[in-house]
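A.B. asks: Next up is a structure, given as structure tokens.
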Amino acid sequence: MGLPNSSPRGHLLLDKKYLAYNEQLDFLSQIQEIVDDFILEDTKSITINNQIALIYTSDDGEMPSIVKHFGKDLESDFEVFYLDIAKIASVNGGFGNFTAKMENEENISFAQAVVFVYEENLLRFRGIYSVADFDNPQSLMVYLKENLGIYSYKEVISFKNEICQYYHRRDKHCSKCAQICPTFGVGANDSLMELVFSPIDCTACGLCVGVCPTGALEYEEIPKEGLEEIIDLYEDKVIFLCDYQGYENLIRQNFILPSSLTPLVLPNLTFLNENDLMSMLQTSGNEILIFMQDLENQWIESVVDFVKSITMQIYTKNAIYYTDNVEEIYQRATEIQSFEKYLYKNRYNKPHRESFAQRLQYMIKDKDFGIAKSIAPVFYGNIKVDSTRCTLCLSCVGACNVNAIFAKEDDFSLRFNPSICTTCGYCVTSCPENVMDLSRDGLELNREYFKSKELAKDEPFKCVECGKVFSTKKSIDKVFAILSSAFASDEKKLKTLQCCPDCKVKVMFGGL
Ligand code: SF4
Ligand code: SF4
């Protein structure tokens with residue numbers, strides 16, 4: 001990015017004429033210290049040799065002249081392979097270590113490649129470049145040469161499989177991270193139901209972290225714990241949020257930040273989720289102003305719109321203003337609205353929806369503000385159970401890894417807290433009775449939505465032999481109804497249907 005790590009991000013935007021300039025600079029230095037604490041060292045490296053593939057398409061079997069010329073220029077520094085895409089069966093490996101398997105069974109190894117045809121899957125690899133992305137052949141050549149030698153990279157994304165809603169499940173109920181990843185940084189292996197991480201392909205854009213509904217992914221450059229430390233410093237300030245790219249752009253335009261705003265410059269904004277934005281809003285007590293150039297980015301747009309719709313319904317004012325226009329920043333800085341403050345500590349060892357629920361309850365109090373509709377891919381919803389048919393087998397409880405649905409042992413009830421449910425649907429498909437109904441309409445802004453409620457209830461069933469509780473009445477009644485006619489002539493077997501496992505054996509092999 002060309003920004004020195006040691007300079008407080010954002011200081012170049014401050015107005016030196018403003019009296020509190022030094023104070024603001026000190027403040028930004030504090031933030032830089034927190035960021036420095038989390039800076040990751042390069043942990044891995046690979047060697048990039050000079051083997052390069054030029055991948056092209058041809059209408060008449062001839063190599064296009066542009067490819068020939070480009071290859072000629074490269075040949076003094078590289079060993080060049082010319083590959084017709086129609087003759088490639090597959091490309092495997094990664095940056096520094098690719099292998100193209102050709103239709104004639106030949107394997108071609110190369111460290112980097114340039115493609116002269118639009119091929120989305122190839123371009124998701126780091127180390128494979130499209131000519132179309134460079135202004136001219138010279139700049140591409142310089143880039144390829146700079147890659148030669150030792151290439152170091154970091155593992156920016158970490159993963160907790162225990163709260164992942166894809167990992168080792170029987171059916172696919174998530175993989176949002178793999179779907180949104182623009183490279184092969186994270187992919188989904190559906191035959192193993194495991195995520196596959198490729199740090200070398202990861203561009204650290206943070207999208208997978210932002211979109212993850214449970215917080216199973218962490219952005220290690222600024223983990224959520226560090227982000228909260230930073231946000232805490234913005235109490236009573238007006239946050240002007242932008243990413244490094246936006247920051248550089250503002251500097252190029254000689255932009256000077258209005259003194260009423262305090263910059264918060266992050267590597268990217270796409271790793272933020274609804275709870276992060278709400279933390280900023282409630283800690284600062286002021287509207288957030290975002291400078292964002294990629295207004296088309298679906299994730300950040302959805303999450304911002306979702307938070308805005310909540311504050312609109314509760315406070316009837318917009319909490320977040322985003323723009324890609326410098327003039328609008330000056331204008332908006334004069335119209336910043338204040339919001340209700342709430343200094344709450346997020347729970348980092350729990351899925352982020354639990355903290356978000358706490359924050360929302362504070363805003364809602366005992367009122368009802370209707371429903372904040374889900375905005376894909378931010379889904380909230382609710383679950384209904386036909387309690388007359390539920391046997392309390394608890395398959396749904398075993399399926400849920402965020403504890404939104406759970407069993408209350410002391411009264412044999414099945415309970416559900418919609419505010420922490422991600423609406424993944426795994427409980428629904430795990431239910432053998434097919435009595436669950438999931439809606440993804442949105443988040444209900446009333447007190448009841450944040451409390452656990454009873455979905456179904458049963459009575460304990462005691463073993464008819466020893467009196468030990470071993471099941472629920474409904475599940476035994478169901479089994480009895482199905483098997484009693486088949487066992488009608490065998491009194492022993494009939495009795496085992498109402499026995500605990502220990503007594504079942506005794507009854508079968510002993511007397512009645
Ligand atoms: S988005 Fe999160 S929960 Fe979903 S598959 Fe990825 S890591 Fe798992
Ligand atoms: S309650 Fe069901 S839909 Fe909600 S998170 Fe748990 S398993 Fe997924």
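Residue 1 is where the sequence shown starts when you use full-length UniProt numbering, and the numbers rise one by one after that.
We treat Cβ as the ideally placed atom computed from N, Cα and C, and that holds for glycine.
Because the structure is a prediction, the values reported are computed rather than measured.
(1) Within 8 Å, do at least three Cβ pairs link the region 229-240 to the region 172-189?
(2) If contact is defined by three or more beta carbon pairs under 8 Å, each pair taking one atom from either stretch, is the region 416-426 in contact with the region 450-460?
(3) With H, G and I counted as helix, E and B as strand and the rest as coil, what does DSSP make of VAL479?
(4) What would DSSP say about PHE470, mapped onto helix, strand or coil?
(5) Are there three or more Cβ pairs, one per stretch, closer than 8 Å when the region 221-237 is compared with the region 346-353?
(6) Quick one: measure Cβ to Cβ for ILE383 and CYS424, integer angstroms, because I've assumed they're closer than 8 Å.
(7) Touch check for the region 466-479 and the region 494-504: three-plus C-beta pairs under 8 Å?
(8) Decide if the region 371-389 is in contact with the region 432-447; the criterion is three or more beta carbon pairs, one per stretch, under 8 Å apart.
(9) Determine the contact status of TYR380 and TYR362, defining contact as a CB-CB distance below 7 Å.
(10) Quick check: the region 71-78 against the region 125-133, are at least 3 beta-carbon pairs closer than 8 Å?
(11) Considering only residues of the same chain and omitting the five flanking positions on each side of LEU144, which have a CB-CB separation below 7 Å?
(12) How close, in whole Å, do the beta carbons of GLU218 and VAL209 come, if the pair is a contact with beta carbons under 8 Å?
(13) Between LEU277 and the rest of its own chain, which residues show a CB-CB distance below 6 Å, the 5 nearest in sequence each way excluded?
(14) At which residue ranges does the region 266-308 contain complete alpha helix (DSSP H) runs of 4 or more residues, listed in the order of the chain?
(15) Taking Cβ to Cβ, would you say THR183 is nearer than 7 Å to ASP201?
(16) Give me whichever residues DSSP pairs with SER387 in a beta bridge.
(17) Report the rounded CA-to-CA distance for GLU146 versus GLU301, giving the unit in angstroms.
(18) Helix, strand or coil, according to DSSP, for LYS17 in the structure here?
(19) Considering just the uninterrupted stretch of the alpha helix (DSSP H) at ASN249, what are its terminal residues?
(20) Please report the straight-line C-alpha distance between ASP15 and ASP232, rounded to a whole angstrom.
(21) I'd like the ranges of any beta strand (DSSP E) spanning at least 3 consecutive residues and lying wholly in the region 124-151.
(22) Just to confirm, is the Cβ distance from GLU274 to VAL303 under 7 Å?
(23) Just to confirm, are ASP84 and SER58 a CB contact at a threshold of 7 Å?
(24) In the DSSP assignment, the alpha helix (DSSP H) including ASN501 goes from what residue to what residue?
(25) Which residues share a DSSP beta bridge with LEU414?
(26) Enumerate in chain order the residues of its own chain whose CB-to-CB distance from ARG169 is below 7 Å, with the five nearest sequence positions on each side excluded.
(27) Could you compute how far the alpha carbon of LEU122 sits from the alpha carbon of VAL91?
(28) Could you tell me which of PHE98, ILE39 and PHE116 sits nearest to PHE134, measuring between CA atoms?
(29) By the three-class DSSP mapping on this structure, what secondary structure does ALA100 have?
(30) Can you check whether the CB of CYS431 is closer than 7 Å to the CB of SER395?
(31) If you measure between the beta carbons of THR391 and SER475, is that distance less than 7 Å?
(32) Considering Cα atoms alone, identify which of GLY71, TYR56 and ASN50 is closest to GLY149.
(33) Runs of 3 residues minimum, wholly inside the region 148-196: which ones carry the beta strand (DSSP E) assignment?
(34) Does the Cβ-Cβ distance between residue 563 and ASN446 come in under 7 Å?
(35) When DSSP builds the beta bridges, which residues end up paired with THR323?
(36) Taking 6 Å as the cut-off, is the C-beta of THR422 nearer than that to any heavy atom in ligand 2?
C.D. replies: Here's the rundown:
(1) no
(2) yes
(3) Locating residue 479 in the sequence shown gives position 479, counting from the first residue. DSSP places VAL479 in the helix class (H, G or I) of the three-state scheme.
(4) Taking the sequence shown and counting its residues from 1, one reaches residue 470 at position 470. If DSSP states are grouped into helix, strand and coil, PHE470 belongs with the strands.
(5) yes
(6) Reading the sequence shown from its first residue, position 383 is the one you call residue 383. Reading the sequence shown from its first residue, position 424 is the one you call residue 424. About 11 Å; that fails the 8 Å criterion.
(7) yes
(8) Segments in contact, yes.
(9) One-based indexing of the sequence shown puts residue 380 at position 380. One-based indexing of the sequence shown puts residue 362 at position 362. Contact flag unset, no.
(10) no
(11) Counting from 1 along the sequence shown, the entry for residue 144 is found at position 144. Correct list, in chain order: ILE52 and GLN112.
(12) On the sequence shown, position 218 is the one that residue 218 refers to. On the sequence shown, position 209 is the one that residue 209 refers to. Correct: roughly 7 Å between the Cβ atoms.
(13) Along the sequence shown, read from residue 1 onward, the residue named residue 277 stands at position 277. Closer than 6 Å at the Cβ level, and outside the excluded window around LEU277, lie VAL307.
(14) 274-284
(15) The residue given as residue 183 occupies position 183 in the sequence shown. The residue given as residue 201 occupies position 201 in the sequence shown. In this structure, ASP201 lies closer than 7 Å to THR183 by Cβ.
(16) Residue numbering aside, residue 387 sits at position 387 when the sequence shown is read from its first letter. Note: SER387 sits in no beta bridge, so no partner.
(17) Here residue 146 is taken as the residue at index 146 of the sequence shown, counted from 1. Here residue 301 is taken as the residue at index 301 of the sequence shown, counted from 1. Distance between the alpha carbons of GLU146 and GLU301 is about 35 Å.
(18) Taking the sequence shown and counting its residues from 1, the one referred to as residue 17 is at position 17. Three-state DSSP puts LYS17 in coil, outside helix and strand.
(19) The count along the sequence shown starts at 1 and reaches residue 249 at position 249. That run of the alpha helix (DSSP H) goes 244-252.
(20) As a working mapping, residue 15 is identified with position 15 in the sequence shown. As a working mapping, residue 232 is identified with position 232 in the sequence shown. Their backbone Cα atoms lie some 23 Å apart in a straight line.
(21) 128-130
(22) Position 274 of the sequence shown, counting from 1, holds the residue named residue 274. Position 303 of the sequence shown, counting from 1, holds the residue named residue 303. Yes, Cβ-Cβ distance for GLU274 and VAL303 is below 7 Å.
(23) Start at 1 with the first residue of the sequence shown, and residue 84 comes out as number 84. Start at 1 with the first residue of the sequence shown, and residue 58 comes out as number 58. Yes. Within cutoff.
(24) To locate residue 501, count along the sequence shown from 1; it is residue 501. Rather than Asn, the amino acid found at residue 501 in this sequence is Pro. First-last of the alpha helix (DSSP H) with PRO501: 501-509.
(25) Within the sequence shown, residue 414 is the residue found at index 414, counting from 1. In DSSP, LEU414 forms a bridge with ALA407 and ALA456.
(26) Within the sequence shown, numbered from 1, the residue matching residue 169 stands at position 169. MET193 and TYR426.
(27) For this step, residue 122 is matched to residue 122 along the sequence shown. For this step, residue 91 is matched to residue 91 along the sequence shown. A straight line joining the alpha-carbon of LEU122 with that of VAL91 spans about 8 Å.
(28) The count along the sequence shown starts at 1 and reaches residue 134 at position 134. Of the listed residues, the one whose Cα sits closest to PHE134 is PHE116.
(29) Within the sequence shown, residue 100 is the residue found at index 100, counting from 1. In this structure, ALA100 counts as strand in the three-state DSSP scheme.
(30) On the sequence shown, residue 395 is found 395 positions in, with the first residue counted as 1. On the sequence shown, residue 431 is found 431 positions in, with the first residue counted as 1. Contact flag set, yes.
(31) Locating residue 391 in the sequence shown gives position 391, where the first residue counts as 1. Locating residue 475 in the sequence shown gives position 475, where the first residue counts as 1. Closer than 7 Å, so yes.
(32) Within the sequence shown, the letter at position 149 stands for residue 149. When each option's Cα is compared against that of GLY149, the closest is ASN50.
(33) Runs of the beta strand (DSSP E) inside the region 148-196: 149-153, 157-159 and 186-189.
(34) Residue 563 falls outside the range modelled here, since the chain spans only 1 to 512, and no answer is possible.
(35) The residue given as residue 323 occupies position 323 in the sequence shown. According to the DSSP secondary-structure assignment, THR323 is paired through a beta bridge with PHE291.
(36) Locating residue 422 in the sequence shown gives position 422, where the first residue counts as 1. It does: the Cβ of THR422 is within 6 Å (strictly closer) of some heavy atom of ligand 2.
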